[in-house]
Amino acid sequence: MCISDQKGSVLIAVAVTITLIAVLSAGVVSMNKTSIHSGIHANSFHKAQYVAESGIRFAKTSGATSGTYTLSNGDQFKLVISDCEVTSSAIIHGGTAFETIKNMSAALPSPDSPIPPVTNGLVSYWSFDDPCDQGRDDYGNNNGTINSATKEADGQVGHAMEFDANSEFVGVGDAPDLRITGELTLAAWVKETTQKTYGKIISRRNGSYFYFLGVDRGNPYGGIGNGSSYTVTGKKVSLPSDEWHHIAFSYHDGDDKMHIYYDSVLKETVSVMKILPATEGVDVSIGADSEGTAAFFRGIVDEVFVYNRALSLNEIRDIYNVPCVSELYYPLEGNANDQSGNGNDGIKHGDVAYVPSEVYVEDVLEQAASFDGSGDYILVSDSCLKYTGKITLMAWVKESNRKQYAKIISRRDGDSFCFLGIDNGIPYGGIGDDLLALIPVVTDKSAISAMPLDEWHHLAVTYSETDTVMNLYYDGVLTVATTMAETLPGQTVDLSIGADSRGTAAFFHGSIDEVYVYDKALTATDIQTYYNLTKP
């Protein structure tokens, strides 16, 4: 650092190198500025004051932690870093009659607002990711005010707002762009902890004038009212407690329809002969109804969107799939790490072992995971593995012993599932969604012969709602094509490798290698090409 001192008319510049060493923490604080500052400045690099012979100076504290720091000349300063500000204190003229403690602080900058996946018609978006301004509207100008003890919680995406008592809500107020007519979409991630009657996620209500998205005793629903009459959707979906789920409600006066979506799947369409008027003087509430006076929600709310148009199914999915991953890849080379770059590492359970493989990856023979069929599996936590509309599951497998309904890759919650498996030697795949009360569909097992034991074979199953066909591939060749009316559920459930139902049933006995999961239906050419590149 260059220290300047004015002595008469002569300016003396002395170059001094100062190392800061943490006394109460392991961090090292580096020098930042050479000029005297009148205040503490906070940016992406926190700065804290310290004392030098020429007066108060500042240090850059990026990566530092709270504690007492010592300069090489023995001077000290105390640093406190919180979510919202950085404060520091230093002793000036220590050991003299003029000794004082100087305290300075500054607010840290707010994090950048996330970029919404769909912006056409977007009015407001509350991510709740700024710990110092939790009610900030990240897209529009409708900032909210925190009421009562509403607090920050871990969200489905970053941070969220937790409502755990009556009277807690975020009050947004009234604004011209929230006086929506004609078309509307409301969407949010929610985790209900206690079922409440008519609990509201987001609402704009004054008597029988309203629009809202809510959860009534565990059932997501939405509605509109024009001041004299109203219509709400049915309550056909049950929301499990203490689980994250995405719900959305849309209204379109052009076709007189309301829609309710659950985990990006359309669950109900209701005819409505109403016109939503642009009533003034009505506040919007998050976590409550009637301007924060009733129908309080108990749970956690995240990623709240308000649009002035009815979003399409694909747009609802775009919101739902952020920040969901589009690919998982487990080469199973001595571990269950996800090599797709998305970080969804698996955890092995039981006696999963890693053995030599005969599958080639870039002309190299490496390892595979071995399962004994009696409790071995790999579990991948459902951080954001929600696939709807299209999917591909594929892997190399070598079966050692026949097992009934054995699963290679599976995501199942009751009759909501998608999987790739082997039933008594016969490869098959399946999709089911019990929320729609449709009959689960599996590929035709009579159309394929049993797979030889102790041989490596490549299996893949794909599905696309565009052509409503589920395809099963065996050694790179399309073997079974099954037409279906079923949809792919976007349920919140862990993915299992080598077992079914979160690793509780249908255990596979043999070796598995090169596991892939995609949010698209690979083509026959894609699968044939991959098979040719990796076959033993």
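At position 49 of the sequence shown (counting the first as 1) the number is 687 in our numbering, and the numbers step up by one without a gap.
For every residue, glycine included, the Cβ atom is placed at its ideal position computed from N, Cα and C.
Closer than 6 Å by C-beta to residue i: which residues in its own chain qualify, once you throw out the five before and the five after it? Chain order, please.
i: Y1111; result: A1098, I1165
i: S1182; result: Not covered by the structure: residue 1182. The range shown for the chain is 639 to 1174.
i: V908; result: T871, M896
i: G1013; result: G988
i: E1162; result: Just to set this straight, residue 1162 is Ala in the shown sequence, not Glu. Correct list, in chain order: L1116.
i: T655; result: The pLDDT assigned to T655 is 26, lower than 50, so where the model puts this residue is not dependable; a value taken from the coordinates is nonetheless given after this. None.
i: Y836; result: D854, A933
i: N1170; result: none
i: Y1015; result: H987, S1134, G1136, A1137, G1141
i: G811; result: D921
Which residue wins for smallest C-alpha separation from residue i, given the options the options?
i: V828; options: D815, A1007, G793; result: G793
i: T831; options: S867, G811, V939; result: V939
i: I1029; options: Y1101, G1052, Y1015; result: Y1101
i: D1020; options: S1087, S1134, D989; result: S1134
i: T757; options: R843, K1173, R817, V944; result: V944
i: G1068; options: I1086, D1157, S1048; result: S1048
i: G778; options: T931, E800, S909, N946; result: N946
i: T869; options: I839, A886, S950, M911; result: M911
i: R955; options: L1171, A826, D775, L1058; result: A826
i: G925; options: D854, S902, E881, A974; result: D854
i: V1155; options: T1163, L1116, I1046, W1094; result: I1046
i: Y958; options: K789, V795, E790; result: V795
i: H883; options: E1004, G856, D894; result: G856
i: A1137; options: S866, A932, L1058; result: L1058
i: D1105; options: G782, H1096, S762, A1119; result: A1119
i: C1056; options: T835, I1086, M1108; result: M1108
i: A813; options: I913, V761, Y1043; result: V761
i: G1114; options: A1085, G892, E906, L1160; result: L1160
i: Y968; options: P754, D768, V1153; result: V1153
i: T1121; options: Y1015, A803, Q833, V1080; result: V1080
i: S1005; options: N980, G984, G972; result: The sequence shown places Gln at residue 1005, not Ser. Checked all of N980, G984, G972; the closest Cα to Q1005 is G972.
Is residue i close to chain C, meaning its C-beta is less than 9 Å from at least one C-beta of that chain?
i: L1116; result: No chain C is part of this structure, which consists of one protein chain only.
Span of the alpha helix (DSSP H) holding residue i?
i: T931; result: Element bounds for T931: n/a, residue is neither H nor E.
i: L1097; result: No alpha helix (DSSP H) contains L1097, which is instead part of the beta strand (DSSP E) from 1094-1102.
i: T1167; result: 1162-1172
i: Y958; result: 951-958
Looking only at its chain, what residues have a beta carbon closer than 7 Å to the beta carbon of residue i, apart from the 5 residues adjacent to it on each side?
i: I784; result: Q772, G773, V808
i: P858; result: V875, L877, I885, I898, Y900
i: S1194; result: Nothing about residue 1194 can be read from this structure; the chain reaches only from 639 to 1174.
i: K1083; result: D1061, I1064, Y1066
i: D1132; result: L1017, V1018, S1019, D1020, R1140
i: A916; result: R817, T819
i: K1158; result: K1028, T1030
i: D1190; result: For the chain, the structure presents residues 639 to 1174; residue 1190 sits outside this window and is missing.
i: P755; result: D956, I957, V960
Residue i lies in the beta strand (DSSP E); which residues open and close that run?
i: I1047; result: 1044-1051
i: N1109; result: 1107-1112
i: G937; result: 937-945
i: A798; result: 797-801
i: C770; result: Careful: C770 lies outside any beta strand (DSSP E) and carries neither H nor E.
i: F766; result: Counting along the chain, F766 falls outside any beta strand (DSSP E), and DSSP gives it neither H nor E.
i: F1055; result: 1054-1061
i: E821; result: 821-830
i: I784; result: 783-785
i: D1151; result: 1147-1156
Which whole-angstrom value describes the C-beta separation of residue i and residue j, a residue pair presumed to lie in contact below a C-beta threshold of 8 Å?
i: G860; j: I898; result: 6 Å
i: F850; j: A798; result: That pair is no contact at about 19 Å.
i: T823; j: L949; result: 4 Å
i: F935; j: F801; result: 5 Å
i: Y998; j: T1172; result: 5 Å
i: E996; j: W1094; result: 5 Å
i: F904; j: L970; result: Sequence check: residue 904 is Leu here, not Phe. Between L970 and L904 the Cβ distance is about 37 Å, and since that is not below 8 Å, they are no contact.
i: S841; j: G852; result: 7 Å
i: G863; j: Y847; result: 6 Å
i: K1041; j: G1011; result: 6 Å
i: A1144; j: A1044; result: 6 Å
Can you give me the Cβ contacts of residue i inside the same chain, cut-off strictly under 8 Å, excluding the 5 residues immediately before and after it?
i: E929; result: G809, R843, N844, V920, D921, S923
i: Q977; result: Y967, Y968, P969
i: S1087; result: I1064
i: N804; result: F934
Indicate, with yes or no, if the ligand PLP has a heavy atom lying under 8 Å from the CB of residue i.
i: D891; result: Absent from the structure shown: the ligand PLP. Ligands present: none.
Can you give, in chain order, each stretch of the alpha helix (DSSP H) that sits fully within the region 842-900 and has at least 4 residues? none
Pick out the complete beta strand (DSSP E) segments inside the region 993-1040, 3 residues or longer, and give them in chain order.
-> 1002-1010, 1015-1018, 1028-1037
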